[in-house]
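Residue -7 is where the sequence shown starts when you use the working numbering, and the numbers rise one by one after that.
Virtual Cβ for every residue (Gly too), placed ideally from N, Cα, C.
Worksheet: the structure to be examined is printed underneath.
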Amino acid sequence: MHLTTKTMNATLTRDGRVTIPKHIWDLLGLGAGSPVVFKLTDDEQVLLLAADREPSPGRFGRFRDVATVKMSTDDIMALTRGKGQGRSG
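Following this line, the structure appears as structure tokens:
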């Protein structure tokens, strides 16, 4: 993977604060109070990342709690196996 890098200078304040440029806020989808993560790489680079606000839902997370038909697991398994439809196997 090839990363394009851009350098931006900032000054560390006496109490350890650095101002993050507005276009970086926008790029990362940050707002006031947004959590961020500083990640130190093996080659001693520091990455600034937007922290996950919620755990990733995974591949099928968007389908959770959207079913409109109330069926038991046994009913669903019977349908997927074709029971009662004259199939064998």
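- In the structure shown, K(-2) falls within a coil segment according to DSSP collapsed to helix, strand and coil.
- In its chain, beyond the 5 residues on either side, A2 and L4 have a beta carbon closer than 6 Å to the beta carbon of V10.
- The three-state reading of DSSP puts F30 in strand, counting E and B together.
- Contact between L40 and V28 is confirmed by a C-beta separation of about 6 Å, below the 8 Å threshold.
- Beta-bridge partners assigned by DSSP to V38: L32.
- Judged by DSSP in its simplified three-state form, A59 adopts coil rather than helix or strand.
- The DSSP-derived three-state label of D7 is coil.
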